[in-house]
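Protein chains in written order, with our numbering: chain A, 8 to 263; chain B, 8 to 263; chain C, 65 to 352; chain D, 65 to 352. Glycine is no exception: its CB is placed at the ideal position from the N, C-alpha and C atoms.
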Amino acid sequence: MTDYNSTEMMTVTAARALKNDDVCFVGIGMPSAACNLARLTHAPDITLIYESGTIGTKPDVLPLSIGDGELCETAMNTVPVTEMFRYWLQGGKISVGFLGAAQLDKFGNINTTVIGDYDNPKVRLPGGGGAPEIATSCGEIFLVMKQSKRGFVEKIDFVTSLGYGKGGDDRASYGVTTKGPSRLITDLCIMEPHPADRHFIVTSIHPGVSRDDIIAATGWQVEFADKVAETPVPSAHELQVLRDLHARTNAAHEGQ
Amino acid sequence: MTDYNSTEMMTVTAARALKNDDVCFVGIGMPSAACNLARLTHAPDITLIYESGTIGTKPDVLPLSIGDGELCETAMNTVPVTEMFRYWLQGGKISVGFLGAAQLDKFGNINTTVIGDYDNPKVRLPGGGGAPEIATSCGEIFLVMKQSKRGFVEKIDFVTSLGYGKGGDDRASYGVTTKGPSRLITDLCIMEPHPADRHFIVTSIHPGVSRDDIIAATGWQVEFADKVAETPVPSAHELQVLRDLHARTNAAHEGQ
Amino acid sequence: MVAQFMSLKDAIATCVQDGDTVAMEGFTHLIPHAAGHEIIRQKKRDLTLIRMTPDMIYDQLIGAGCAKKLVFSWGGNPGVGSLHRLRDAIENSWPRALEIEEHSHAAMANAYDAGAAGLPCAVFKGYRGAELPRVNPNIKFIECPFTGERLAAVPAIRPDVAVVHAQKANRKGDILFEGIVGVQKEAVLAARKSIITVEEIVDDFNDVPFNAVMLPNWAVTAVVHVPGGAHPSYAQGYYKRDNAFYKAWDNIAKDRDSFNNWLDQHVFNGGPKDFEAPLKAQHSKAEA
Amino acid sequence: MVAQFMSLKDAIATCVQDGDTVAMEGFTHLIPHAAGHEIIRQKKRDLTLIRMTPDMIYDQLIGAGCAKKLVFSWGGNPGVGSLHRLRDAIENSWPRALEIEEHSHAAMANAYDAGAAGLPCAVFKGYRGAELPRVNPNIKFIECPFTGERLAAVPAIRPDVAVVHAQKANRKGDILFEGIVGVQKEAVLAARKSIITVEEIVDDFNDVPFNAVMLPNWAVTAVVHVPGGAHPSYAQGYYKRDNAFYKAWDNIAKDRDSFNNWLDQHVFNGGPKDFEAPLKAQHSKAEA
Numbered sequence: 008m009t010d011y012n013s014t015e016m017m018t019v020t021a022a023r024a025l026k027n028d029d030v031c032f033v034g035i036g037m038p039s040a041a042c043n044l045a046r047l048t049h050a051p052d053i054t055l056i057y058e059s060g061t062i063g064t065k066p067d068v069l070p071l072s073i074g075d076g077e078l079c080e081t082a083m084n085t086v087p088v089t090e091m092f093r094y095w096l097q098g099g100k101i102s103v104g105f106l107g108a109a110q111l112d113k114f115g116n117i118n119t120t121v122i123g124d125y126d127n128p129k130v131r132l133p134g135g136g137g138a139p140e141i142a143t144s145c146g147e148i149f150l151v152m153k154q155s156k157r158g159f160v161e162k163i164d165f166v167t168s169l170g171y172g173k174g175g176d177d178r179a180s181y182g183v184t185t186k187g188p189s190r191l192i193t194d195l196c197i198m199e200p201h202p203a204d205r206h207f208i209v210t211s212i213h214p215g216v217s218r219d220d221i222i223a224a225t226g227w228q229v230e231f232a233d234k235v236a237e238t239p240v241p242s243a244h245e246l247q248v249l250r251d252l253h254a255r256t257n258a259a260h261e262g263q
Numbered sequence: 008m009t010d011y012n013s014t015e016m017m018t019v020t021a022a023r024a025l026k027n028d029d030v031c032f033v034g035i036g037m038p039s040a041a042c043n044l045a046r047l048t049h050a051p052d053i054t055l056i057y058e059s060g061t062i063g064t065k066p067d068v069l070p071l072s073i074g075d076g077e078l079c080e081t082a083m084n085t086v087p088v089t090e091m092f093r094y095w096l097q098g099g100k101i102s103v104g105f106l107g108a109a110q111l112d113k114f115g116n117i118n119t120t121v122i123g124d125y126d127n128p129k130v131r132l133p134g135g136g137g138a139p140e141i142a143t144s145c146g147e148i149f150l151v152m153k154q155s156k157r158g159f160v161e162k163i164d165f166v167t168s169l170g171y172g173k174g175g176d177d178r179a180s181y182g183v184t185t186k187g188p189s190r191l192i193t194d195l196c197i198m199e200p201h202p203a204d205r206h207f208i209v210t211s212i213h214p215g216v217s218r219d220d221i222i223a224a225t226g227w228q229v230e231f232a233d234k235v236a237e238t239p240v241p242s243a244h245e246l247q248v249l250r251d252l253h254a255r256t257n258a259a260h261e262g263q
Numbered sequence: 065m066v067a068q069f070m071s072l073k074d075a076i077a078t079c080v081q082d083g084d085t086v087a088m089e090g091f092t093h094l095i096p097h098a099a100g101h102e103i104i105r106q107k108k109r110d111l112t113l114i115r116m117t118p119d120m121i122y123d124q125l126i127g128a129g130c131a132k133k134l135v136f137s138w139g140g141n142p143g144v145g146s147l148h149r150l151r152d153a154i155e156n157s158w159p160r161a162l163e164i165e166e167h168s169h170a171a172m173a174n175a176y177d178a179g180a181a182g183l184p185c186a187v188f189k190g191y192r193g194a195e196l197p198r199v200n201p202n203i204k205f206i207e208c209p210f211t212g213e214r215l216a217a218v219p220a221i222r223p224d225v226a227v228v229h230a231q232k233a234n235r236k237g238d239i240l241f242e243g244i245v246g247v248q249k250e251a252v253l254a255a256r257k258s259i260i261t262v263e264e265i266v267d268d269f270n271d272v273p274f275n276a277v278m279l280p281n282w283a284v285t286a287v288v289h290v291p292g293g294a295h296p297s298y299a300q301g302y303y304k305r306d307n308a309f310y311k312a313w314d315n316i317a318k319d320r321d322s323f324n325n326w327l328d329q330h331v332f333n334g335g336p337k338d339f340e341a342p343l344k345a346q347h348s349k350a351e352a
Numbered sequence: 065m066v067a068q069f070m071s072l073k074d075a076i077a078t079c080v081q082d083g084d085t086v087a088m089e090g091f092t093h094l095i096p097h098a099a100g101h102e103i104i105r106q107k108k109r110d111l112t113l114i115r116m117t118p119d120m121i122y123d124q125l126i127g128a129g130c131a132k133k134l135v136f137s138w139g140g141n142p143g144v145g146s147l148h149r150l151r152d153a154i155e156n157s158w159p160r161a162l163e164i165e166e167h168s169h170a171a172m173a174n175a176y177d178a179g180a181a182g183l184p185c186a187v188f189k190g191y192r193g194a195e196l197p198r199v200n201p202n203i204k205f206i207e208c209p210f211t212g213e214r215l216a217a218v219p220a221i222r223p224d225v226a227v228v229h230a231q232k233a234n235r236k237g238d239i240l241f242e243g244i245v246g247v248q249k250e251a252v253l254a255a256r257k258s259i260i261t262v263e264e265i266v267d268d269f270n271d272v273p274f275n276a277v278m279l280p281n282w283a284v285t286a287v288v289h290v291p292g293g294a295h296p297s298y299a300q301g302y303y304k305r306d307n308a309f310y311k312a313w314d315n316i317a318k319d320r321d322s323f324n325n326w327l328d329q330h331v332f333n334g335g336p337k338d339f340e341a342p343l344k345a346q347h348s349k350a351e352a
């Protein structure tokens with residue numbers, strides 16, 4: 008079996024969560040790597056949409072921004088950003104949205120706005136961008152994030168984007184009818200929401216990771232499912248495709 | 008001097024009201040003839056816009072519908088109908104709109120919806136189409152219509168599109184800030200709104216037409232300006248261009 | 065849920081049910097006439113028909129008794145005159161009573177836009193000083209929460225089925241529109257199901273410009289190859305508008321008997337293949 | 065009121081005044097960097113800067129002290145990290161305090177759309193369960209008058225000036241955008257005045273597709289020929305995004321002194337001609 012690192016484990020696991028008929032709103036960074044890995048392995052027909060307006064894009068290298076020329080050149084169609092947010096995202100055409108965060112709580116609410124007080128921030132983060140409406144308009148949300156006590160917190164400093172709110176039926180109380188964060192994929196494990204209360208429960212642990220590792224890297228009290236699976240390891244083929252993709256990407260971005 | 012008929016007089020007079028830098032929302036029929044005549048004579052740079060989405064069109068023959076292929080083929084750009092009504096008309100980009108009517112009152116309110124009661128009509132007319140928003144969103148409106156007692160009435164059966172409402176400042180009371188029907192061009196004369204009360208006043212009479220002709224063809228009490236001009240006759244060149252345009256148009260529409 | 069290639073018969077049978085709300089769009093250009101005939105042939109009933117310009121296509125459906133309600137903004141034969149079957153339905157309830165919901169073009173265009181955008185209503189600067197709000201309860205007014213300006217609101221159009229005609233599909237079922245594109249894309253995105261009849265099916269869209277007006281196959285239900293399927297409307301790049309037929313329609317539709325004869329001859333005893341004929345005639349004329 | 069061809073210096077001097085609200089748009093693609101430099105060179109002050117993704121271009125304007133307020137929805141260097149000048153202004157008021165009005169992308173896109181459409185506000189399904197409405201009084205909620213659904217509303221964006229970059233103008237001043245077109249057309253239509261810098265001026269647009277993304281000359285104030293004017297952003301069909309420079313910016317902007325040095329060297333002692341150089345370098349590398 009090929010050696011892999013925890014980022015690769017997370018990326019491959021995220022990629023495997025995607026289906027061939029998904030229409031996926033892709034963010035930059037890990038989501039982009041996972042979505043394109045899925046496209047280059049088990050989901051060749053997956054539709055990747057970037058918020059810059061490119062629909063059905065098939066980039067050969069990963070974009071640095073969400074609007075690199077490669078995305079447009081390989082897309083089926085490129086629409087104005089107004090149309091992207093109005094007809095495609097708000098119009099309910101996207102099945103899966105990928106989101107990451109600076110801070111996350113156990114109900115999948117995320118913060119990408121500020122650490123500290125909004126008006127007097129300790130750290131000013133980039134802000135919500137597309138996330139507040141991606142979080143509520145996509146059929147379901149996959150959260151992808153490396154675990155740490157600083158990131159996985161009991162209470163986030165600012166609710167940039169809604170997950171399950173205060174849990175239970177709280178999400179629906181905002182008039183939101185989409186499923187919400189159905190899966191949280193980290194470098195250590197997979198968590199899924201409790202069927203009623205909606206807090207995250209560990210349902211699968213990556214090979215070589217202990218329960219204590221997860222507990223040590225989580226700021227809320229971790230709950231494990233009755234039956235916890237072991238996450239399947241990346242295949243040699245997946246790793247090869249992923250590494251080739253990153254190699255092509257690095258060459259392209261440095262070469263300019 | 009060349010002979011001309013009253014429709015030609017009306018068309019040429021309407022064409023002359025247009026300026027080279029106008030952006031004009033063109034309806035089918037007489038407005039289309041007048042606008043294209045202007046373009047082919049004194050206003051070569053005029054921008055003609057048809058509600059089908061064609062911007063800056065230069066048709067060689069007059070379209071039968073507002074969406075003939077010729078309009079698109081000769082346009083600078085063709086946009087979706089949603090965009091036409093949202094960005095271009097409602098967005099306040101159009102300087103002049105041309106409207107006709109089945110019924111018209113002295114304040115320039117027009118009816119193209121029904122004769123008789125709305126729910127139990129004597130005659131069901133085509134309806135408003137673009138007119139209700141053309142009437143309020145264009146910089147100003149030119150009304151073009153053959154005079155008759157049936158058409159020029161004291162009270163219209165249905166207010167499809169706003170002119171000056173009940174007169175005076177009534178138009179502004181609807182939140183409308185555009186100028187409204189600044190000119191009414193008929194087969195007999197030109198009328199313009201009273202500066203305060205806004206009812207139409209005859210300001211120019213076509214050659215060979217008497218005041219009594221106008222009074223006999225108007226269902227409201229006709230008012231004449233202190234100084235009434237004589238409308239200049241069509242030039243030989245204008246008539247030639249207009250007749251050539253109609254000849255080309257007839258040949259094209261019959262030939263299919 | 066990727067687009068299926070189907071026959072016209074199967075597409076209408078599968079997607080259009082009695083009582084459905086159906087939007088058949090195409091602003092003068094690309095009007096799906098062949099699909100309209102198929103709906104008449106299959107004797108669909110109690111449809112709510114939505115269309116900015118009902119035009120000859122709905123004159124036919126209304127005259128054939130398919131419609132119980134019409135939502136529209138301009139009901140004439142452009143440049144020719146009245147839609148006689150529409151008027152006969154409104155004025156004389158023939159062949160059956162027709163309920164109408166009447167809007168302006170701006171309202172309908174905004175309502176399609178809102179439907180495509182997943183909104184419950186469209187908000188726009190419309191109907192100011194106009195009388196339609198008095199007779200149409202689906203026109204309301206709201207206030208801008210920032211300026212207090214009074215704005216019109218109409219419900220979004222969310223049809224059960226949208227039916228449109230386009231120039232091209234590729235083999236995956238992606239769709240390309242060119243020229244006067246009207247509100248077709250919005251109608252399809254706003255609808256639960258959609259049928260797209262196309263002039264041509266091509267291998268791929270590699271030569272299509274980046275910002276073309278398109279629909280991906282996963283946003284479409286059925287794709288049907290019907291060359292000439294827009295006639296007497298037109299398909300930019302394929303054939304011209306048959307203006308002479310639009311003029312001839314005035315006489316055909318003026319009279320109930322002549323309309324019914326026309327219907328028997330050209331619709332009930334016709335099929336999608338007939339739409340290729342005028343197209344070939346036009347081509348041979350152009351070549352002559 | 066047809067577009068005027070101008071030098072970049074004259075266009076900025078004529079159209080941009082101290083205190084103006086300015087929207088410089090381009091979603092990753094076609095960002096008007098040369099125009100940004102000219103605004104810094106002309107020492108415009110107290111600007112309210114609007115842009116979905118402030119990006120390097122506003123990092124420069126903010127660091128140079130041109131801005132008193134920023135309206136935005138995502139303030140990072142995409143794929144790289146923070147905008148250090150933006151953060152220094154927000155966190156430490158350097159070189160001056162910066163007021164911010166923060167939205168989501170959906171809100172900004174809708175607000176541009178509403179501005180282009182002449183509406184006072186945009187209504188959309190947004191901010192549900194999100195906290196920004198607590199800190200931004202320009203986010204309100206209204207009810208759909210038909211369904212009662214709660215919808216977000218934000219004021220339309222109506223800038224004094226929009227500044228964008230496009231691929232082509234023709235000799236009349238009509239403008240063509242291709243590729244990722246962002247919200248540029250909306251920004252221009254929403255603004256009182258507009259400056260369009262272009263890669264190329266061509267004789268005519270005869271070969272342009274019917275439904276291209278364009279602006280007519282009468283909807284534009286100033287057209288400026290600035291080849292390479294989007295660098296280090298890119299112009300589809302002309303040159304690629306200079307991703308290496310976006311990464312290098314992180315170090316340049318991290319420190320106030322290195323930023324000021326960069327500003328002196330490349331902006332105050334530079335001009336629009338400098339934007340042609342990297343373009344030529346890229347070409348010669350591609351040919352090598």
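Excluding the 5 residues flanking it on each side, D/L183 has same chain C-beta neighbours closer than 6 Å at A220, in chain order. Taken in chain order, the complete beta strand (DSSP E) segments of 3 or more residues contained in the segment 72–150 of chain A are 103–106, 121–123, 128–131. Here A/P139 is buried: its Cβ has 16 or more other Cβ atoms, across all protein chains shown, within 10 Å. Around the beta carbon of C/F332, fewer than 16 other beta carbons lie within 10 angstroms, which makes this residue exposed. Nearest in C-alpha terms to D/S137, of all of D/R109, D/F91, D/I260, is D/F91. For C/N234, the enclosing beta strand (DSSP E) has its first and last residue at 225–234. The C-alpha of C/G145 lies about 9 Å from the C-alpha of B/L132. For D/R214, the secondary structure class from DSSP, reduced to helix, strand or coil, is strand. Listed in chain order, the positions of the segment 262–288 of chain D with a beta carbon within less than 7 Å of a beta carbon of chain C are P273, F274, N275, A276, V277.
The Cβ neighbour count for C/G127, taken over all protein chains shown within 10 Å, is at least 16; the residue is labelled buried. Inclusion of C/Q231 and C/E207 in the CB contact set at 7 Å is not warranted, their separation being larger than that value.
Of the candidates A/T48, A/L25, A/A203, the residue whose Cα lies closest to the Cα of A/P38 is A/L25. DSSP lists C/K133 as the bridge partner or partners of C/E163. For C/G243, the residues of chain D that pass the 7 Å Cβ criterion are F274, in the order they occur in the chain. One finds D28, D52 in chain B with Cβ atoms closer than 9 Å to the Cβ of D/V66, taken in chain order.
With a cutoff of 7 Å on beta-carbon distance, B/A21 and B/V151 are scored as near each other. In the DSSP secondary-structure assignment, C/G145 is bridged to C/N141. Every beta strand (DSSP E) of 3 residues or more that sits fully in the segment 283–318 of chain C is shown, in chain order, as 286–289. Under the DSSP assignment, D/E207 falls in the beta strand (DSSP E) whose first and last residues are 204–207.
Measuring C-alpha to C-alpha distances from B/H244 to each of B/V19, B/P66, B/F149, B/I197 identifies B/V19 as the nearest. Non-local C-beta neighbours of D/L343 in its own chain, meaning closer than 6 Å and more than five positions away in sequence, comprise G292, Y303, ordered along the chain. Separation of the CB atoms of D/A67 and D/T261 is rounded to 12 Å, and the pair is thereby denied contact status at 8 Å.
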